[in-house]
Every structure is written in structure tokens, then in C-alpha cells.
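Heads up, the thing below is written out as C-alpha cells.
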Amino acid sequence: MSQYRLNLFIPPEHARRLDELATRKGVSKSSIVAAALAAWLSPDAGGQRDSLLSRRLDQLSRQFGRLERDQTIQIEALALFIRYYLTVSPPVADAHQDAANAQGRARFGQFVEQLGRHLLRGHSLVQDVCRELQPDTADETTQGVP
1 MSQYRLNLFI PPEHARRLDE LATRKGVSKS SIVAAALAAW LSPDAGGQRD
51 SLLSRRLDQL SRQFGRLERD QTIQIEALAL FIRYYLTVSP PVADAHQDAA
101 NAQGRARFGQ FVEQLGRHLL RGHSLVQDVC RELQPDTADE TTQGVP
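Quick note: the sequence shown, position 117, residue 117 per the working numbering, numbers continuous.
What follows is the structure, given as C-alpha cells:
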């Protein structure tokens with residue numbers, strides 16, 4: 001098999017990485033470049049790359065779909081809770097508005113602190129509740145739950 005000599009200009013970073021790879025693998029730089037060119041110029045190389053990219057994009061699309069579905073469920077649950085809470089909560093008399101606002105700010109501050117602690121622990125309230133209700137199936141049913 002005849003070979004052709006080529007003089008190439010490559011960025012210094014590529015040259016350094018090529019040297020490291022050749023040293024680590026114990027092969028010549030020419031053989032690495034020849035293998036890379038063969039893979040790049042191969043008729044199925046483009047098809048393989050397209051296939052791999054397509055497969056990965058499909059996985060990402062499915063993951064995105066699950067995230068979107070989960071987010072929609074969470075938003076709907078929150079909206080339903082807010083509507084229920086506002087429906088059953090009695091109005092506060094004008095004389096008690098300032099006290100109610102102060103208590104609301106204090107409760108909200110406590111809520112934010114508790115949420116921060118909960119997130120730092122890395123636990124999910126939904127997963128905890130599912131484990132309590134159905135210990136044997138909790139891990140299967142809450143795979144996508146944060």
C-alpha cells in the first residue's frame with residue numbers, strides 16, 4: 001500500500017493532544033491521523049454520526065416531555081391548592097389586617113427557611129410521602145420527581 005506524505009498545519013493545542021495520545025497509546029501520530037481520516041471519510045461515518053445524534057436527540061426529547069408533563073402537574077396542583085385555600089379562607093377584618101400581614105410575612109419567612117433546609121438535605125416531600133404510603137412501589141412511581 002503506497003502512502004502519501006502531507007504537511008499539515010494544526011493548532012498547537014491539537015498538536016499537544018496528538019502527542020499525548022500517541023504516547024499514551026504507544027502508536028505513531030501518523031496512524032492516529034490516518035485512523036481519524038478513515039473514520040471521517042468513511043461512507044457510513046456520516047450516517048453513524050447522524051444516527052447517534054438522532055438517538056440522543058430522541059432521548060432528550062423524551063426527557064424534556066417528561067419534565068414538561070411533571071411541571072404541568074405541579075403547576076396544576078399548586079393552582080388547585082391556591083384556589084381551594086382562597087375559597088375556604090375567611091376574609092380578615094380591616095382591624096386585623098396589619099397583624100395578619102405581619103403574621104403572613106413571618107410564616108412566609110419560616111416557609112422559605114424550611115424549604116431551604118429541605119432542599120439542602122436533598123429529599124423530596126413527594127417521595128417521602130409516597131414511601132410512607134406505599135413503601136414497596138415508591139421508588140418506581142417517583143422516578144422523575146425532584
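Where a beta carbon is used, it is the ideal one built from N, C-alpha and C, also for glycine.
query	result
From what residue to what residue does the alpha helix (DSSP H) around Leu-125 run?	125-133
Since I believe Ala-79 is in contact with Val-92 (beta carbons under 8 angstroms), could you give me their beta-carbon distance rounded to a whole number of angstroms?	22 angstroms between Cβ atoms; not a contact.
Can you look up Arg-5 in the DSSP assignment and give me helix, strand or coil?	coil
Would you check if the distance between the CB atom of Ile-32 and the CB atom of Leu-21 is smaller than 8 angstroms?	yes
Spatial neighbours of Ser-2 within its chain, please: CB distance less than 8 angstroms, with the 5 preceding and 5 following residues excluded, ordered by chain position.	none
Classify Gly-26 as helix, strand or coil using the three-state DSSP reduction.	coil
Whole angstroms is fine: what's the gap from His-14's alpha carbon to Leu-120's?	42 angstroms
Starting from Asp-98, trace the alpha helix (DSSP H) both ways and give me its first and last residue.	97-121
Using DSSP with H/G/I as helix, E/B as strand and the rest coil, what is Asp-136?	coil
To the nearest angstrom, how far is it from the Cα of Asp-58 to the Cα of Thr-72?	21 angstroms
Going by DSSP in three states, Ser-54 sits in which element: helix, strand or coil?	helix
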